[in-house]
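Heads up: the sequence shown at position 61 corresponds to 61 in our numbering, and the numbers run straight through without jumps.
Here a beta-carbon is modelled for each residue, glycine too, at the ideal position from N, C-alpha and C.
Source: prediction; values computed, not measured.
Structure first, commentary second.
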Amino acid sequence: MRNKLILALMAGLAALAAPAASRVRLVYGKGWNKASEDVKKTLESAAFKSAAKGKYIVEFVDWQSGGMPQGNLGSLKVPCIFVVDEKDRCYFVFENIPNDYTAEKFIKAFDKVNQRRKKIEEGGMETADQCGKLLQSMEVFVGGPRRIISQGFYSDVFDKLVRLDPGDQEGWQRHFRMGDGIELVIKANEYRENNDMAGGAKFIDAEMKKPRKHLTREQQQGLLMAKFALYREDPSKQEEMMTLLTKVAALDENTFWGTCALGWLNWKGTPPASTYWGWHQGDFKGPQINAEVKYGVSYAFRRAGEYTIDFIPEGGNINIQSVGLYAGDEEVAVLRKQPFVFKLERAYAGRINRLVVKGTTASDTSGKIKIHRQVLKPRKGK
Numbered sequence: 001m002r003n004k005l006i007l008a009l010m011a012g013l014a015a016l017a018a019p020a021a022s023r024v025r026l027v028y029g030k031g032w033n034k035a036s037e038d039v040k041k042t043l044e045s046a047a048f049k050s051a052a053k054g055k056y057i058v059e060f061v062d063w064q065s066g067g068m069p070q071g072n073l074g075s076l077k078v079p080c081i082f083v084v085d086e087k088d089r090c091y092f093v094f095e096n097i098p099n100d101y102t103a104e105k106f107i108k109a110f111d112k113v114n115q116r117r118k119k120i121e122e123g124g125m126e127t128a129d130q131c132g133k134l135l136q137s138m139e140v141f142v143g144g145p146r147r148i149i150s151q152g153f154y155s156d157v158f159d160k161l162v163r164l165d166p167g168d169q170e171g172w173q174r175h176f177r178m179g180d181g182i183e184l185v186i187k188a189n190e191y192r193e194n195n196d197m198a199g200g201a202k203f204i205d206a207e208m209k210k211p212r213k214h215l216t217r218e219q220q221q222g223l224l225m226a227k228f229a230l231y232r233e234d235p236s237k238q239e240e241m242m243t244l245l246t247k248v249a250a251l252d253e254n255t256f257w258g259t260c261a262l263g264w265l266n267w268k269g270t271p272p273a274s275t276y277w278g279w280h281q282g283d284f285k286g287p288q289i290n291a292e293v294k295y296g297v298s299y300a301f302r303r304a305g306e307y308t309i310d311f312i313p314e315g316g317n318i319n320i321q322s323v324g325l326y327a328g329d330e331e332v333a334v335l336r337k338q339p340f341v342f343k344l345e346r347a348y349a350g351r352i353n354r355l356v357v358k359g360t361t362a363s364d365t366s367g368k369i370k371i372h373r374q375v376l377k378p379r380k381g382k
C-alpha cells in the first residue's frame with residue numbers, strides 16, 4: 001500500500017513538472033475541402049502522435065455553411081491551424097498550409113514558434129514597453145498587430161499595457177490599433193469630399209502629433225497618404241504632394257501604400273525612374289550620366305538566374321557605359337560590357353534594390369528599362 005502511494009505521488013509530481021501541452025486546432029471543411037481533410041488525416045495519424053510526444057493535443061473544428069464556426073479565431077481560410085497554449089493564448093496561426101506537409105514538418109513548425117514565444121515571454125511584462133515589445137515580437141506568428149490583441153490571442157497582455165500606459169505615451173496602443181492606416185485615409189477623404197478642409201487639417205495635425213516611434217513602415221505610409229487624400233486636389237499643394245508621394249514610395253514600394261504612391265505619381269505625370277515605366281526626360285541628365293534606379297528593381301531580381309538588362313531610348317542617343325547592382329550599400333556587381341548580363345546567385349535573390357547607371361548622352365532622353373531573366377538554357381551545339 002505504501003509503495004502504491006509513493007508511486008502515485010511521484011506520478012503526480014511528474015505530471016506537475018511536465019510542461020503543459022498546447023492545443024493544435026484545425027479548422028477544416030468536411031466533405032467539400034480535400035486539402036483540409038488531408039491535413040486532418042495527417043494530424044490524427046499515429047506518426048503525428050508519435051512525433052508530438054504529448055506536447056500537442058489536436059482539436060478539429062468543422063467549417064459549416066452559415067457563418068464562421070465556433071472555435072475559429074478569425075481566419076477565412078480553410079484549412080487553418082491555431083496553436084493555443086495552456087493560458088488559452090493563440091501563439092501561432094498556420095494559414096496557406098503546403099500540401100506536402102508531413103507529421104514531422106508540422107511538429108518542427110510548431111516547436112519553432114513555441115520555443116520562440118517562450119523565450120519572448122521571458123523578457124517580462126512589468127512595463128508598458130515590455131508588453132509592447134512582447135506583442136510586437138509575436139505579430140509575425142499570428143498574422144499582424146490587430147489579430148494579436150484580439151480575444152483568444154494576447155489580449156490580456158494588451159489590457160495590461162493599456163493599464164500601465166492609459167494615455168499611450170509610448171505609442172504602443174496606436175501600433176496595435178491603427179492597422180494599415182486605411183481608416184485614416186477614408187476619414188481624410190470624407191473631409192475633402194465634404195469640403196471641410198479646416199476640419200481635415202485639424203484631424204491630420206492631431207494624428208501627426210501622436211507618438212509615431214512604434215509605427216510600422218506601412219502605418220507611417222498610411223499616415224502620409226491620409227494627408228495626400230485630404231490635399232490631392234488642392235492646386236496650391238501639388239508640389240508638396242508629389243514630394244509626399246515620393247517619400248511614401250521611398251519608405252517601401254512593395255507595400256499597399258508604396259504601390260499606391262507610385263501609381264499616383266505615374267498618373268500625375270511625374271513617375272520616378274523605375275523598371276516599371278523606364279526613365280523620363282530629366283532622369284538621365286547629361287552630358288555625363290550618373291543616375292540611380294531603385295523602384296521595381298527588387299521585384300525584377302526576385303529570383304536567382306541569369307539576367308539581361310537593356311536600356312531602350314525613345315528618341316535621342318544615349319551611351320550606357322556601366323550598370324552597378326547594389327543590395328543596400330553593398331556593391332554586388334558592376335557591369336561594363338553590353339549586353340549587360342548578370343548571373344544572380346540565390347543568396348541575393350530579392351535583395352538587389354537599386355541600379356547605378358553611368359554613361360553619356362547628347363540629349364535629354366526618355367526610354368524603357370527591360371530586365372529579362374533567362375528561363376530556358378540554350379541547347380548544346382547551338
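The beta carbons of ARG354 and VAL297 sit closer together than 9 Å. Here the region 291–310 makes contact with the region 260–277; the two share three or more CB pairs at distances below 8 Å. By the Cβ criterion, the region 71–82 is not in contact with the region 128–135, since fewer than three pairs of Cβ atoms, one from each stretch, lie closer than 8 Å. Per DSSP, GLN220 has no beta-bridge partner at all. Around the beta carbon of ARG302, fewer than 16 other beta carbons lie within 10 angstroms, which makes this residue exposed. DSSP, read as helix, strand or coil, puts GLN288 in strand.
In terms of Cβ geometry, TRP277 and ASN266 form a close pair [threshold 9 Å]. Using a Cβ distance threshold of 9 Å, ASP364 and LYS285 count as a contacting pair. Contact check for ARG25 and VAL113: beta-carbon distance about 14 Å, past the 8 Å limit, so the pair fails to qualify. Cβ-Cβ separation between GLN221 and LEU251: approximately 5 Å, consistent with a contact (criterion under 8 Å). Cα atoms of GLY324 and ASN96: separation of roughly 37 Å, rounded to the nearest angstrom.
Bridge pairing for ALA327: GLU330 [DSSP]. Per DSSP, the continuous beta strand (DSSP E) segment holding ARG23 begins and ends at 22–28. Contact between the region 202–211 and the region 175–189 is established, with three or more Cβ pairs separated by less than 8 Å. Per the coordinates, the alpha-carbon of ARG23 lies some 42 Å from the alpha-carbon of ALA327.
By the criterion of at least three beta-carbon pairs nearer than 8 Å, the region 205–219 is in contact with the region 160–174. Between the region 223–234 and the region 144–152 there are fewer than three C-beta pairs closer than 8 Å, too few to call the two in contact.
Taking 8 Å as the upper bound for CB-CB distance, ALA109 and THR42 are not in contact here, some 12 Å apart. Cβ atoms of HIS280 and SER155 stay farther apart than 8 Å, at about 50 Å. The beta-carbon distance between ALA304 and ILE371, rounded to whole angstroms, is 14 Å. This is too long to meet the 8 Å contact definition. When C-alpha distances from ILE182 are compared across GLU218, TYR56, GLN70, the shortest belongs to GLU218. In this structure VAL157 touches MET125 by the C-beta definition: roughly 6 Å separates them, less than 8 Å.
Secondary structure at PHE301: coil, using DSSP grouped into helix, strand and coil. If only complete runs of 3 or more residues are kept, the region 54–100 shows the beta strand (DSSP E) at 56–62, 80–84, 90–94, in order along the chain.
Taking C-beta atoms under 8 Å as the contact rule, VAL58 and GLU44 qualify, at a distance of about 6 Å.
In terms of Cβ geometry, ILE318 and GLY282 do not form a close pair [threshold 9 Å].
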